[in-house]
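A.B. asks: Chains as they are written, first to last, in our numbering: chain A, 1000 to 1248; chain B, 73 to 345; chain C, 3 to 250. Cβ coordinates follow ideal geometry from the N, Cα and C atoms, glycine included.
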Amino acid sequence: MDAVLTLRGIRAGYGAEPVLKDVDLTVPAGGIVGLVGESGSGKSTLARVVTGLLQPEAGEVLLHGRPLGPRRDRETCRKIQMVFQNPEGSLNPRHRIGRTLSEAMLFHGTATRDNVRAKCRALIERMALPADTLDRFPKSFSGGQKQRIALARALSVEPELLVADEPTSALDVAVQLKMLELIRSLRAERNLTMLFISHDLGVIRYLCDEVAVMQAGRIVEHGEAARFFERPATAYGQTLLDSVPRIGL
Amino acid sequence: MKRKDRSRTRGRRLTLCVGLAMMGVLVLLALLAPVVCRYDPLAQDLYAFLQPPGGDHPFGTDQLGRDMFSRVLYAARVDLSVMALAEIIPFATGVFLGMLSGYFGGRTEWLVTLAADTFIAFPYYLLVIVVAFVTGAGVQGIFITFMLVGWLVYARVARGVAAPLRASEWVASAKLMGYSDLRIIATQIFPNVLPQAVVVLMTDMAGLLAVIVTLGYLGIGVAPPTPDWGTMIAEGQGFMTSAWWLSVIPGLTVVYAGIALSCIGDGLADLWR
Amino acid sequence: MEREVVLAVRGLNLYNRDGERLVKDLSFSLRAGETLGLVGESGSGKTLTLRSLIGLLPEGIRETHEARTDNPNCAMIFQNPQSALDPLCPVFRQLCEVIAARQGVGRAEARARALRLLRRLSLPESLAREDRLPGSLSGGQCQRLLIAMALSCEPEVLLCDEPTTALDVTVQKKTLDLIRALQAELGFAVIFVTHNLAVAAQLCQSLAVMRQGRIIERGPTEQILTSPREPYTETLIGAVLPVPERRG
């Protein structure tokens, strides 16, 4: 089993007290690992470490077994992409969608000048976005559409690992379901490897093969999703599971 | 669009259109001055001195018989071009430094703030007078002084726009894409800074025009015999009761240009909000 | 024996500045002790409805109605607990001020009642001794304090505008349990606005589904969940991602 991402002994934070205390994590190729935890647990900080936006104080980040240094080259950047939580901030308000997508693809060579327009159009269609999307500015789109555009941007450069930091938390439930269905179908098509961060166990169950539970800067539990939902290994995991409001059908 | 939305947009567009039209007329006339003006602005005709506006001389003539209409337009060429040219370097440097300090924060921001705090302490007119004393009267004093202090306001605006963007997700995405910092500043941040900077530019130009005219009035700006609204106002002062058009018409032209620029600035600000 | 109606509204319409109707012809009635869940997505008008009930409509919103309860005795709690408190005033003082104002008692008596409320809501009594600002409290504690402030108005109806959306799931459960316990003890009615059907199902005996300004379906929770009439309701139910029941 090839691990796309490995984190070993990560210590990271923003001030005197590190948010991440000692984190080990592996994401296997083709798998979706769900990272669940409450506010302050360090989930977003972990995402920033994985994507290189934050440098760890200690420990290493390994991509296919090779450690990543503080400066990532173009190719390494291409391989790890991210979708963020807030749809309102995820796109440059002064760039048309077509420019955002084509610039990324041309920069990383996943399209040439000849075929970039066609590839953009194909990507937009796959994301079930309207036909004129490429010529419009972000502010004319709904939250759900913006998230799908952000997803398109991340996938346009054909990354090996996609980090999603609560990508559906700010969306209405019906819109959220559509987005998750889209991710599921894309996963099958492209053999996506994902680190999916969420506070919502229902979403995690829908999408993820493995569940990792974060508490106070550490991963306290990590295993198969099916087993977690049947019987969590830790008391905290059990508390989380019990707290989820159920519809009782 | 709803009825009320449409009328609000029309109001905004009206301001912008009025401003552009006003400025457009002035600039066009100034550019076409050699064609449009019947008289040479420097040609004296002592038989036709102090003629009130009307007939051959739509703006009248001054105490040396020079045609006021062509003097006003030729002065427009001088004053407006000094105003525009003097803004170029401060605008460019100010926006650039502001973006750098907003985007990087930390030590860069500290350095730029230090420079800004130093230059903001200079009293503008005093500085101009000193420079004029050193280099002699003329436009170079204006250029030099404005290059030293004019960039401050653009740096502040650019920093104000760039700094909060530092934390935004799309800038993080750009970094994740592997774009270099310079590329991000130039292609991503700049388009967000430019609209606000241009709005400030319009108001700043109106202010600079007032400064140019004032310095001309004081005799340390544009040097005679080059026509300049400020010197014209100063020269016409003594004739205020007998030949009001010598000072008032150039003065009104300055006001006209100032209003035009303000309207453009307001219109753009509303348009790009 | 039917309980009395504590809040009723008929034919409520809310218009914005452009004349658009945001809430269309809304009618419902609430009985003492009842918990009504108002479920809908963003833009459905649920928050505006709540605000009109308590008289807190934002500027520019115009209201017309056929009939409504005059001056209902309501209190409201909001979505973002930290921003609902004065950030520069110690929280205990804020609580005492509300009690003194609403219950018309002096400072000493207000402090005593405030302490009792703290105990009832399982908030640390140290809040009374130390000058704690809202920023130093967790989201859950802030929300409980706001519930305390709401209760000090001795309301007949507690209006809740997505009070647990910004809270962690474990804190959410505690808060919902708290509201349920207080309701059993004090007997007030609750209108609970949320976009999360599961949360509404957890707390509420009856549900009203809102869409584009109208209530499209209303009834007992169990009936709505097992046999929804409207396709939109079915969509909302389908969008709830299930988590297995705990075994053993």
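(1) Work out the CA separation of A:Val-1210 and A:Val-1243 for me, nearest whole Å.
(2) What did DSSP end up calling B:Met-73 once you bin it into helix, strand or coil?
(3) Touching or not, the region 196-203 of chain C and the region 132-151 of chain C, by the rule of three or more beta carbon pairs under 8 Å?
(4) Return yes when the Cβ of C:Gln-207 is within less than 8 Å of the Cβ of C:Pro-222, no when it is not.
(5) Buried or exposed for C:Arg-5, going by 16 or more other Cβ atoms inside 10 Å?
(6) What whole-angstrom Cβ distance do A:Leu-1122 and A:Leu-1100 have, given they're in contact under 8 Å?
(7) Run the CB neighbour count on C:Ser-85, radius 10 Å, all protein chains shown included, and call it buried at 16 or more, exposed below.
(8) Taking the beta carbon of C:Ser-54 as the centre, do at least 16 other beta carbons fall within 10 Å, making it buried, or is it exposed?
(9) Strictly below 8 Å CB to CB, what residues from chain A border C:Gln-174?
(10) Where A:Cys-1207 and A:Gly-1142 are concerned, what is the direct C-alpha to C-alpha distance, given to the nearest angstrom?
(11) What in chain A is Cβ-close to B:Leu-248, meaning under 8 Å?
(12) For C:Met-78, which residues does DSSP report across the bridge?
(13) With which residues is A:Glu-1209 paired in a DSSP beta bridge?
(14) Indicate the three-state DSSP secondary structure (helix, strand or coil) for C:Met-212 in the structure shown.
(15) DSSP on A:Gly-1041, reduced to helix/strand/coil?
(16) According to DSSP, which residues form a beta bridge with A:Arg-1010?
(17) When you check each C-beta in the region 200-228 of chain C against every C-beta of chain A, which residues fall closer than 8 Å?
(18) Closer than 7 Å by beta-carbon distance: list the chain A residues that pair up with C:Ser-128, in chain order.
(19) Enumerated in chain order, which unbroken segments of the alpha helix (DSSP H) with a length of 4 residues or greater are wholly contained in the region 47-106 of chain C?
(20) Report the residue from C:Ile-226, C:Asp-20, C:Gly-57 whose alpha carbon sits nearest the alpha carbon of C:Ala-77.
(21) Please tell me whether A:Pro-1092 has its Cβ less than 8 Å away from any Cβ of chain B.
(22) Around the Cβ of A:Thr-1233, are there at least 16 other Cβ atoms within 10 angstroms (buried) or fewer (exposed)?
(23) Just the C-alpha distance for C:Phe-30 and A:Ser-1139, rounded to the nearest angstrom, thanks.
(24) I'd like to know if A:Gly-1014 contacts chain B, where contact means its C-beta is closer than 8 Å to some C-beta of that chain.
(25) Are the beta-carbon atoms of B:Gly-166 and B:Ala-230 separated by less than 8 Å?
(26) With 7 Å as the C-beta to C-beta threshold (strictly closer), list the residues of the region 304-329 of chain B near chain A in chain order.
(27) When you compare the CB of C:Glu-43 with every CB in chain A, is at least one pair closer than 8 Å?
(28) In terms of residues, what are the limits of the beta strand (DSSP E) holding A:Pro-1027?
(29) Do B:Val-211 and B:Val-154 have their beta-carbon atoms positioned less than 8 Å apart in this structure?
(30) Can you name the start and end residues of the alpha helix (DSSP H) that A:Gln-1146 belongs to?
(31) How far does the beta strand (DSSP E) with C:Ser-31 in it reach, from first residue to last?
(32) Examine the Cβ distances between the region 167-180 of chain C and the region 15-28 of chain C and report whether three or more of them are shorter than 8 Å.
(33) Within its chain, find whatever has a CB closer than 7 Å to the CB of A:Thr-1050; leave out the 5 residues flanking it on each side and keep chain order.
(34) Give the residues from the region 1199-1212 of chain A that approach chain C closer than 8 Å (Cβ to any Cβ), ordered along the chain.
(35) Leaving out the 5 sequence neighbours to the left and right, which residues in its chain are closer than 6 Å to A:Thr-1005 when beta-carbon positions are compared?
(36) On the DSSP letters alone, give me the boundaries of the beta strand (DSSP E) that B:Asp-151 sits inside.
C.D. replies: Taking the definition as stated:
(1) Taking the straight line from one Cα to the other gives about 16 Å.
(2) With a pLDDT of only 43 at B:Met-73, under the threshold of 50, the placement of this residue in the model should not be trusted, and no figure is reported.
(3) Verdict: no, contact absent.
(4) Yes; because the gap between Cβ atoms is below 8 Å, this pair is in contact.
(5) Result: exposed.
(6) Contact between A:Leu-1122 and A:Leu-1100 holds: their C-beta atoms lie close to 7 Å from each other, under 8 Å.
(7) Here C:Ser-85 is exposed. Its C-beta has fewer than 16 other C-beta atoms within 10 Å.
(8) Counting the other CB atoms within 10 Å of its CB gives C:Ser-54 a total of 16 or more, which places it among the buried residues.
(9) The contacting residues are Ser-1242, Pro-1244.
(10) Distance between the alpha carbons of A:Cys-1207 and A:Gly-1142 is about 23 Å.
(11) The contacting residues are Thr-1050, Gly-1051, Leu-1052, Cys-1076, Ile-1079, Gln-1080, Met-1081.
(12) In DSSP, C:Met-78 forms a bridge with C:Leu-161.
(13) A:Glu-1209 is bridged to A:Val-1032, A:Glu-1223.
(14) It is a strand residue.
(15) In the three-state reduction of the DSSP assignment, A:Gly-1041 falls in the coil class, being assigned neither a helical nor a strand state.
(16) Paired residues: A:Ala-1057.
(17) Answer set for the region 200-228 of chain C: Ala-200, Val-201, Ala-203, Gln-204, Leu-227, Thr-228.
(18) None at all; the shortest Cβ gap to chain A is about 21 Å.
(19) List check, alpha helix (DSSP H) in window: 48-56, 93-105.
(20) Closest option to C:Ala-77, judged by alpha-carbon separation, among C:Ile-226, C:Asp-20, C:Gly-57: C:Gly-57.
(21) A:Pro-1092 counts as touching chain B.
(22) A:Thr-1233 sits exposed, since fewer than 16 C-beta atoms from the chains shown fall within 10 Å of its C-beta.
(23) Their backbone Cα atoms lie some 36 Å apart in a straight line.
(24) Answer no: the Cβ-Cβ gap between A:Gly-1014 and chain B never drops below 8 Å.
(25) Yes, the Cβ-Cβ distance between B:Gly-166 and B:Ala-230 is below 8 Å.
(26) So the list is empty, because no residue satisfies the distance condition.
(27) A Cβ of chain A is located within less than 8 Å of the beta carbon of C:Glu-43.
(28) It spans 1019-1027 - the beta strand (DSSP E) in which A:Pro-1027 sits, taken as one unbroken run.
(29) Yes. Within cutoff.
(30) Note, A:Gln-1146: alpha helix (DSSP H), 1142-1155.
(31) Here the beta strand (DSSP E) through C:Ser-31 covers 23-33.
(32) Verdict: no, contact absent.
(33) Around A:Thr-1050: Ile-1079, Met-1081, Val-1162.
(34) For the region 1199-1212 of chain A, the set of residues with a beta-carbon nearer than 8 Å to any beta-carbon of chain C comprises Asp-1199, Leu-1200, Gly-1201, Val-1202, Arg-1204, Tyr-1205, in chain order.
(35) The residues are Thr-1025, Leu-1061.
(36) Where B:Asp-151 is concerned, there is no enclosing beta strand (DSSP E), although the alpha helix (DSSP H) it sits in stretches over 140-176.
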